[in-house]
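Asker: The structure follows.
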Amino acid sequence: MNKSDQRIRKFNPGTFQPDDEVKEQFVVRKHELEIVLKVLSGVCKYQHALVVASRGQGKTMLLARVAAEIRTDDKLSACLLPIRFMEESHEIFNIVDFWLDTLFYLAREST
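Numbering (the numbering used here), first residue to last: 6 to 116.
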């Protein structure tokens, strides 16, 4: 195989993967998953969760796992719809841009 035939592949957790595969691959950050799911289910008093970590620490995989849980849990899926944004959004400058981007992804998810 010569150099021009080689492909560079970037793995982005949860992209084009079924929910059961995401759940199987999720082996770390289980404590953090429990915290986020408690926040989403309304069990704890908090309304928001901010996930902060250095590059490569599993933030994207954690959120992919949360989205998989929402889609497969009847109680959560009845009131929540996970939206997957791009990792970096260079077109968002204000709240209006954010909501327009959200509507775009909502439309894409619902088709």
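Cβ coordinates follow ideal geometry from the N, Cα and C atoms, glycine included. These numbers come from a predicted model, not from an experiment.
How far does the alpha helix (DSSP H) with Phe31 in it extend, from its first residue to its last?
Answerer: It is not in any alpha helix (DSSP H) - Phe31 carries neither H nor E in the DSSP assignment.
Asker: Could you check if Phe21 is buried or exposed, using at least 16 other CB atoms within 10 Å of its CB as the buried criterion?
Answerer: So Phe21 ends up on the exposed side.
Asker: Could you tell me if Glu3 is buried or exposed, where buried requires 16 or more neighbouring beta carbons within 10 angstroms of its beta carbon?
Answerer: Here the chain has residues from 6 to 116 only, and residue 3 is not among them.
Asker: What is the DSSP secondary structure of Glu37, reduced to helix, strand or coil?
Answerer: Helix at Glu37.
Asker: Any contact of the segment 35 to 45 with the segment 63 to 78, i.e. 3+ C-beta pairs under 8 angstroms?
Answerer: Counting Cβ pairs under 8 angstroms, three or more are found: they touch.
Asker: What three-state label does DSSP hand Leu55 in the structure shown?
Answerer: In this structure, Leu55 counts as coil in the three-state DSSP scheme.
Asker: In or out: Ala112 buried (at least 16 other Cβ within 10 Å) or exposed?
Answerer: With fewer than 16 Cβ atoms within 10 Å of its Cβ, Ala112 is classed as exposed.
Asker: Could you tell me whether the Cβ atoms of Asp1 and Ile100 are closer together than 7 angstroms?
Answerer: Given a span of 6 to 116 for the chain in the structure shown, any question on residue 1 remains unanswerable.
Asker: Within the same chain, show all residues whose beta-carbon is closer than 6 angstroms to that of Ala85, passing over the 5 residues directly before and after it, in chain order.
Answerer: Just to set this straight, residue 85 is Leu in the shown sequence, not Ala. Once the five neighbours on either side are set aside, the close Cβ partners of Leu85 are Ile75.
Asker: At what residues does the alpha helix (DSSP H) containing Met91 begin and finish?
Answerer: It is not in any alpha helix (DSSP H) - Met91 carries neither H nor E in the DSSP assignment.
Asker: For Ile88, which residues from the same chain have a beta carbon less than 7 angstroms from its beta carbon, with the 5 sequence-adjacent residues on both sides left out?
Answerer: Thr107, Tyr110, Leu111 and Glu114, listed in sequence order.
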